[in-house]
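S.K.: Take this structure first; my questions come after.
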Amino acid sequence: MTLHATPRPKWLTFDCYGTLIQWDEGLQAAVRNILATKPRHDIDPARLIAVYDRHEHALEQTSPHRSFREVAGAGLRLAMEELGLPSAPGDTELLTGRISAMPPFSEVVDTLRQLKKSGYRLCIVSNTDDDIIAGNVAQLGGHIDRVITAQQAGAYKPDRRLFDYAHEQLGVTKDDVVHICASPHLDHGAARDIGFRCIWIDRGTGRTLLPDYRPDATLSTLDEVPPLFASLGW
Numbered sequence: 006m007t008l009h010a011t012p013r014p015k016w017l018t019f020d021c022y023g024t025l026i027q028w029d030e031g032l033q034a035a036v037r038n039i040l041a042t043k044p045r046h047d048i049d050p051a052r053l054i055a056v057y058d059r060h061e062h063a064l065e066q067t068s069p070h071r072s073f074r075e076v077a078g079a080g081l082r083l084a085m086e087e088l089g090l091p092s093a094p095g096d097t098e099l100l101t102g103r104i105s106a107m108p109p110f111s112e113v114v115d116t117l118r119q120l121k122k123s124g125y126r127l128c129i130v131s132n133t134d135d136d137i138i139a140g141n142v143a144q145l146g147g148h149i150d151r152v153i154t155a156q157q158a159g160a161y162k163p164d165r166r167l168f169d170y171a172h173e174q175l176g177v178t179k180d181d182v183v184h185i186c187a188s189p190h191l192d193h194g195a196a197r198d199i200g201f202r203c204i205w206i207d208r209g210t211g212r213t214l215l216p217d218y219r220p221d222a223t224l225s226t227l228d229e230v231p232p233l234f235a236s237l238g239w
């Protein structure tokens with residue numbers, strides 16, 4: 006697919022963590038803080054994150070639907086147990102509190118301002134709870150028009166139901182939207198299945214594309230979006 010010769014979108018939808026907000030950096034800091042409270046200090050934070058991610062993603066796709074706070078807590082406890090670490094009641098709050106405080110990437114707020122000035126409406130579609138993401142949205146300069154979460158939809162990416170719900174809430178068709186994201190695993194399957202246009206922000210974190218899908222454009226940072234749109238006549 007390509008963005009050329011396609012209509013200018015009414016809405017831009019964004020994945021939040023890793024696209025707008027410094028997810029990897031913030032998660033590493035949170036995990037280091039959690040490990041510092043444990044009697045063992047020989048666990049590599051990257052290892053704990055990998056085990057946590059595996060449990061978290063599995064729990065998100067397990068019925069019944071649970072809040073992200075519950076999923077994060079259960080995933081962290083399971084990861085700790087797998088690695089032989091004791092868990093504590095405050096671990097989940099430390100993790101989710103750090104997520105809520107994660108800042109945007111340096112170019113994000115100014116880029117969102119430019120996109121709003123150009124007449125686009127901006128919506129975040131995220132695998133989280135309303136109260137957790139509120140702290141992140143508060144750092145985005147007041148440029149976000151809507152925030153749609155897994156809590157509202159009752160479904161987590163990569164389940165397409167979250168995107169179907171978002172499009173229904175926005176009152177748009179797939180042709181009215183361009184989605185901008187950093188996670189192929191979470192977002193590209195829905196783009197493939199629903200057919201909405203998608204830009205991948207590849208920040209060099211090692212994430213890889215799905216074998217059967219290529220985004221409409223690949224950029225390194227969010228501030229490359231306005232020049233791309235200008236080149237398309239949008």
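If you're matching positions, the sequence shown starts at 6 in my numbering and goes up one per residue.
All C-beta atoms, glycine included, are put in the ideal place defined by N, C-alpha and C.
(1) Where does Ala171 land, buried or exposed, given buried means 16+ other C-beta within 10 angstroms?
(2) So who's on the other strand from Phe19, going by DSSP bridges?
(3) If you compare alpha carbons, which of Gly124, Pro189, Gly102, Ala143 is closest to Ala235?
(4) For Ser105, I'd like the list of residues in its chain whose CB is within less than 6 Å of its CB, leaving aside the five on either flank, ordered along the chain.
(5) Just curious, the beta strand (DSSP E) that Val152 is in, first and last residue?
(6) Tell me where the beta strand (DSSP E) around Trp239 begins and ends.
(7) Would you kindly report the start and end of the unbroken alpha helix (DSSP H) that includes Ile206?
(8) Output needed for Thr213: all residues of its chain with C-beta closer than 7 Å, excluding positions within five of it in sequence on either side, in chain order.
(9) From Leu53 to Arg13, what does the alpha carbon distance come to, in whole angstroms?
(10) Using a threshold of 7 Å, state whether the C-beta atoms of Thr133 and Thr154 are closer than that.
(11) With distance defined between alpha-carbon atoms, name the residue in Gly194, Asp207, Val230, Phe110 nearest to Ile26.
(12) If you follow the alpha helix (DSSP H) that Thr97 is part of, which residue opens it and which one closes it?
(13) Assign Ile156 to one of two classes, buried (16 or more other C-beta atoms within 10 Å of its C-beta) or exposed (fewer than that).
(14) Name the DSSP bridge partner or partners of Leu224?
M.R.: According to the data block:
(1) Numbered from its first residue, the sequence shown carries residue 171 at position 166. Ala171 should be labelled buried.
(2) The count along the sequence shown starts at 1 and reaches residue 19 at position 14. DSSP lists Ile129, Ile185 as partners of Phe19.
(3) Indexing the sequence shown from 1 puts residue 235 at position 230. Closest option to Ala235, Cα to Cα, is Gly124.
(4) Numbered from 1 along the sequence shown, position 100 holds the residue referred to as residue 105. Excluding residues within five positions, the ones whose Cβ falls inside 6 Å are Ile137, Gly140.
(5) As a first step, residue 152 is located in the sequence shown; it is residue number 147 there, counting from the start. That run of the beta strand (DSSP E) goes 151-154.
(6) The residue labelled residue 239 in the question sits at position 234 within the sequence shown. Taken as a continuous stretch (DSSP letters only), Trp239 belongs to no beta strand (DSSP E), as it is neither H nor E.
(7) Against the sequence shown, residue 206 aligns to sequence position 201. Taken as a continuous stretch (DSSP letters only), Ile206 belongs to no alpha helix (DSSP H), being part of the beta strand (DSSP E) at 202-206.
(8) Numbered from its first residue, the sequence shown carries residue 213 at position 208. Once the five neighbours on either side are set aside, the close Cβ partners of Thr213 are Pro189.
(9) By one-based count along the sequence shown, residue 53 stands at place 48. By one-based count along the sequence shown, residue 13 stands at place 8. Leu53 and Arg13 have their alpha carbons spaced roughly 43 Å apart.
(10) Translated into positions along the sequence shown, residue 133 becomes position 128. Translated into positions along the sequence shown, residue 154 becomes position 149. Going by C-beta atoms, Thr133 is nearer than 7 Å to Thr154.
(11) By one-based count along the sequence shown, residue 26 stands at place 21. That would be Phe110, whose Cα lies nearest to the Cα of Ile26.
(12) For the purposes of this step, residue 97 is taken as the residue at position 92 of the sequence shown. Per DSSP, Thr97 belongs to the alpha helix (DSSP H) from 95-106.
(13) Counting from one through the sequence shown, the residue named residue 156 turns up at place 151. The question names Ile, but residue 156 in the sequence shown is Gln. Buried, since its Cβ has 16 or more Cβ neighbours within 10 Å.
(14) Here residue 224 corresponds to residue number 219 of the sequence shown, with the count starting at 1. Paired residue(s): Ile206.
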